[in-house]
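*Asks:*
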Amino acid sequence: MKFTIQVNEGPYQHQATDSAYLFTKAALEKGHEIFRVFFYHDGVNNGTRLTTPPQDDRNIVKRWSELSAEHDLDLVICVAAAQRRGIVDDGEAERNGKDATNIAPGFRISGLGQLVEGAIQSDRLVVFGD
Amino acid sequence: MKFTIQVNEGPYQHQATDSAYLFTKAALEKGHEIFRVFFYHDGVNNGTRLTTPPQDDRNIVKRWSELSAEHDLDLVICVAAAQRRGIVDDGEAERNGKDATNIAPGFRISGLGQLVEGAIQSDRLVVFGD
Amino acid sequence: MSEIKKFMYVNRRAPYGTIYAWESLEVVLIGAAFEQDVSMAFIDDGVYQLTKGQDTTGLEMKNFSPTYSALGDYEVTKIYIEKESLEERGLTLEDLQHLTWEDEDEDWAEKDSIKLVSRAEMAQVFADQDVFFNF
Amino acid sequence: MSEIKKFMYVNRRAPYGTIYAWESLEVVLIGAAFEQDVSMAFIDDGVYQLTKGQDTTGLEMKNFSPTYSALGDYEVTKIYIEKESLEERGLTLEDLQHLTWEDEDEDWAEKDSIKLVSRAEMAQVFADQDVFFNF
Amino acid sequence: MLHIVNKSPYDRNSLDTAVSYKVDGDIFLLIEDGVYAAMKGGAAASKLDGCSVSVLGADIAARGIAEDKLIDGVSVIDYAGFVDLVEANEKVQSWL
Amino acid sequence: MLHIVNKSPYDRNSLDTAVSYKVDGDIFLLIEDGVYAAMKGGAAASKLDGCSVSVLGADIAARGIAEDKLIDGVSVIDYAGFVDLVEANEKVQSWL
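Listed below in structure tokens is the structure:
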């Protein structure tokens, strides 16, 4: 079965991204297809490579990046939400005159249409948030 | 009178940082002293210079930076919360091997002791959050 | 391509205190281009999103409430408002914006978009949907 | 320097669902070095922070509940737990960690840190504080 | 004590909790989504019975709440008034 | 319909709302702080009367809730079981 996952909260503050990750991993392990993981609202903050969590805690961003690399997972960050919150890739940096980027490996920035398309193309949309 | 302000949420998702800003501005206009604004939890996300909010909306980060420049306001980002969420200055970048920084002008990263000191040195601590 | 799906946007949050109401509206507007069968439900504090006379000047925030009146132009014409949620908050339909759409099959006659339903009726509306966008 | 202030840390959130409980505890531990008169209150869902037997393995999260037992070593010895909040949740003190401190004035005798109080008593405890840290 | 409540009373328990700690002389300031509690005709309005209540004018305006929709006795203040309240009350709690 | 509830019933109204939309055949999955609703002896437990309820095992373990502290009839599932529930229910709502 084909799933699209929506994540509405950033790392560490709310459990939403943990639940989404563990659900996504379990779905992949069961042989399902994850059509897309869409990061919306504060969820875009999951896509920064600049985090340095404590050694004895999980690394939420890295976990997503690694899962993406392993399963060719499409991790999409909403561009409008990202602009409000400061998640930037090379293209965004150039367009908006930013002097740095912070996007993490495996994530890409795109429009809200990607969420809608995910909902259309997938059998299920599962939303994780606050 | 001397105030310390604590901000627990990031820009745009929750109104907390708006309320904190408007309160801080009003306190300064009335001639009070703002000993410190301490950004904790997701509040640290107020301190990234990489945001590009829509033209017709307020620029939350820039507003804080400008208020800081105008009133020599001490804007402190909690280091532990910042590390979890990816807010980085030069020192943090070097310590944690990060290839970019994103801290906004007027903000500095320091320890939780700065919050406690703020509470001790100020007449009032006012917390804004979710 | 898949067939047309019934999309339900469920709005349960007040505006301005959090950004969910606004960012939800943005999905609806973008999603309109995908020509699905779209409905919106306003329940619990979500009914506050549609109140008349919002003026955000003092908050220095963008007032996005005028955008709801554009929903009809985007062919979002099924807007369910829950009676119990209104009543609990001391509101009536008079307190909310009057949202309409123009029916091109009937010489662009202006029609009401808002359907006032009970909680029990809303449960039936929900039971008839395919995809839920919860904010 | 100011005189000693009465600091009250008010904990109203469950652990793990959000980070507030943990990041609140971090302030308490750091704040202990400043030698103020510290109290902690656990009310509403905050009482869940102290439940015994927390095992976060399945969530891949750090289990910070053992840290509460170190509070006594940091001279945080006034831990108020609200009776009504416990009862509403079907909990008793037996379900919570037993927090203690050692009194150096009495040959390091082990004493209870936890004070079970009613809501009315908690209101009086609050009335006696100087600074509130709300999480 | 000044109690600051910023959450809708229909969504969260924070107003319930805040008023349950009321002692003589306490003041309740409603900001952000907290202002909905002070609307006339709402089921939550009675939670404020016997309380001294202020609301932030900018927050009610943003939400389309005219002053005549507020329950009797509520003071509408601006941010300067908010600052004054904090100054006037030695103890301040934010019921997040 | 699968209703997913992730908030404490003592803090938020989301469980109240979710169960008020129950129709025959609906299933309630409690995750994150939502699991507290299923604790025996809690004032919120009765909200689940007549509902088919599952809870995530990892979430109850993290919160120190032994399975024998759960109200009768609750299924404890793992994330794979969560995936199965989503697969088995054509409609899924997250009551955020």
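Protein chains in written order, with the working numbering: chain A, -17 to 112; chain B, -17 to 112; chain C, 10 to 144; chain D, 10 to 144; chain E, 253 to 348; chain F, 253 to 348.
Backbone N, C-alpha and C define an ideal beta-carbon position, used for all residues, glycine too.
It should be emphasised that the depicted structure is a prediction, and the values quoted were computed from it without experimental measurement.
Out of E32/C, E113/C, V134/C, point me to the one whose CA is closest to Y77/C's CA.
*Replies:* Nearest of E32/C, E113/C, V134/C to Y77/C, Cα basis: E32/C.
*Asks:* DSSP three-state label for M10/D, please.
*Replies:* Any reading at M10/D is ruled out, since the residue's pLDDT is 47, under 50, leaving its predicted position unreliable.
*Asks:* Let me confirm a value: R77/A is counted as buried when at least 16 other C-beta atoms fall within 10 Å, else exposed. Which label applies?
*Replies:* Exposed, since its Cβ has fewer than 16 Cβ neighbours within 10 Å.
*Asks:* Check whether the Cβ atoms of T(-14)/B and G100/B lie closer than 7 Å to each other.
*Replies:* Closer than 7 Å, so yes.
*Asks:* Does DSSP classify Y22/A as helix, strand or coil?
*Replies:* Three-state result, Y22/A: coil.
*Asks:* Any contact between the region 255 to 268 of chain F and the region 28 to 47 of chain C? By contact I mean 3 or more CB pairs, one from each, below 8 Å.
*Replies:* Flag = no, the region 255 to 268 of chain F and the region 28 to 47 of chain C do not touch.
*Asks:* Three-state secondary structure (DSSP) at N27/B?
*Replies:* Helix, per DSSP.
*Asks:* So, for T27/D: in the same chain, excluding its five sequence neighbours on each side, which residues have a beta-carbon less than 7 Å away from its beta-carbon?
*Replies:* Cβ neighbours of T27/D beyond the five flanking positions: none.
*Asks:* Look up M(-17)/A in the DSSP assignment and say whether it is helix, strand or coil.
*Replies:* Reduced to three states, the DSSP call for M(-17)/A is coil.
*Asks:* Look up D276/E in the DSSP assignment and say whether it is helix, strand or coil.
*Replies:* Reduced to three states, the DSSP call for D276/E is coil.
*Asks:* Taking 7 Å as the threshold (C-beta atoms), are I42/A and P(-7)/A in contact?
*Replies:* Taking 7 Å as the Cβ cut-off, P(-7)/A and I42/A qualify as a contacting pair.
*Asks:* I'd like to know if Y331/F contacts chain A, where contact means its C-beta is closer than 7 Å to some C-beta of that chain.
*Replies:* So yes, Y331/F belongs to the interface.
*Asks:* I'd like to know whether the C-beta atoms of A8/A and V(-11)/A end up nearer to each other than 7 Å.
*Replies:* Cβ atoms of A8/A and V(-11)/A: not closer than 7 Å.
*Asks:* Assign H117/B to one of two classes, buried (16 or more other C-beta atoms within 10 Å of its C-beta) or exposed (fewer than that).
*Replies:* There is simply no residue 117/B to check, as chain B begins at -17 and stops at 112 in what is shown.
*Asks:* Per DSSP, what kind of secondary structure is H(-4)/A in: helix, strand or coil?
*Replies:* In the structure shown, H(-4)/A sits in a strand (DSSP, three-state: E or B).
*Asks:* Please classify H23/A: is it buried, with 16 or more other beta-carbons within 10 angstroms of its beta-carbon, or exposed?
*Replies:* Classification of H23/A: buried, given that the 10 Å Cβ count is 16 or more.
*Asks:* Quick check: V37/C and N143/C, are their CB atoms within less than 7 Å of each other?
*Replies:* Cβ distance not < 7 Å, so V37/C and N143/C don't count as in contact.
*Asks:* Please list the segments of the beta strand (DSSP E) lying wholly inside the region 77 to 130 of chain D, counting only runs of 3 or more residues, in order along the chain.
*Replies:* With a minimum length of 3 residues, the continuous beta strand (DSSP E) runs that stay inside the region 77 to 130 of chain D are 88 to 91, 109 to 112, 118 to 121, 123 to 126.
*Asks:* Let me check one thing: in DSSP terms, what residues is L281/F bridge-paired to?
*Replies:* Bridge partners of L281/F: I256/F, S306/F.
*Asks:* Less than 8 Å between the CB atoms is what I'm expecting for G68/B and T30/A, so what's the real figure, rounded?
*Replies:* Right, their Cβ atoms sit about 4 Å apart.
*Asks:* What does N265/F reach in chain E if we use C-beta pairs closer than 7 Å?
*Replies:* Y262, D263, listed in chain order.
*Asks:* Cα-Cα, which of S48/D, H107/D, G81/D, Y25/D is closest to F135/D?
*Replies:* Nearest option by C-alpha distance: S48/D.
*Asks:* Would DSSP call S47/B helix, strand or coil?
*Replies:* In this structure, S47/B counts as helix in the three-state DSSP scheme.
*Asks:* Would you mind stating whether A263/E and D54/C have Cβ atoms separated by less than 7 Å?
*Replies:* The displayed chain sequence assigns Asp, not Ala, to residue 263/E. Taking 7 Å as the Cβ cut-off, D263/E and D54/C qualify as a contacting pair.
*Asks:* According to DSSP, is Y262/F part of a helix, a strand, or is it coil?
*Replies:* Here Y262/F sits in coil by DSSP.
*Asks:* Name the DSSP bridge partner or partners of T66/D?
*Replies:* T66/D pairs with nothing; no bridge assigned.
*Asks:* Taking the beta carbon of T6/A as the centre, do at least 16 other beta carbons fall within 10 Å, making it buried, or is it exposed?
*Replies:* Buried, since its Cβ has 16 or more Cβ neighbours within 10 Å.
*Asks:* Rounded C-beta distance between V326/F and V305/F? I'm assuming under 8 Å.
*Replies:* Right, the Cβ-Cβ distance comes to about 5 Å (below 8 Å), so this counts as a contact.
*Asks:* On the three-pair Cβ rule with 8 Å, is the region 310 to 329 of chain F touching the region 285 to 292 of chain F?
*Replies:* Touching, yes, given that three or more Cβ pairs across the two stretches are closer than 8 Å.
*Asks:* Is there contact here, the region 334 to 348 of chain E with the region 76 to 95 of chain D, by at least three beta-carbon pairs under 8 Å?
*Replies:* Because the criterion of three Cβ pairs below 8 Å is not met, the region 334 to 348 of chain E and the region 76 to 95 of chain D do not touch.
*Asks:* Interface residues of chain A around I283/F at Cβ under 8 Å?
*Replies:* In chain order: S1.
*Asks:* Starting from N78/A, trace the alpha helix (DSSP H) in both directions and tell me its first and last residue.
*Replies:* 72 to 78 is the span of the alpha helix (DSSP H), which, as asked, contains N78/A.
*Asks:* If we ignore side chains and look at the alpha-carbon of each, how far apart do R40/A and A295/E end up?
*Replies:* Rounded to whole angstroms, R40/A to A295/E spans 43 Å at the Cα level.
*Asks:* How big is the Cα-Cα spacing for S104/B and V335/E?
*Replies:* Whole-angstrom Cα-Cα distance: 14 Å.
*Asks:* List the whole-angstrom C-beta distance separating R106/B from V58/B, where the pair is believed to meet the contact cut-off of C-beta under 8 Å.
*Replies:* About 17 Å; that fails the 8 Å criterion.
*Asks:* Which same chain residues end up closer than 7 Å to F141/D when comparing Cβ atoms and leaving out the 5 residues on each side of it in sequence?
*Replies:* These residues qualify, in order along the chain: M17, V19.
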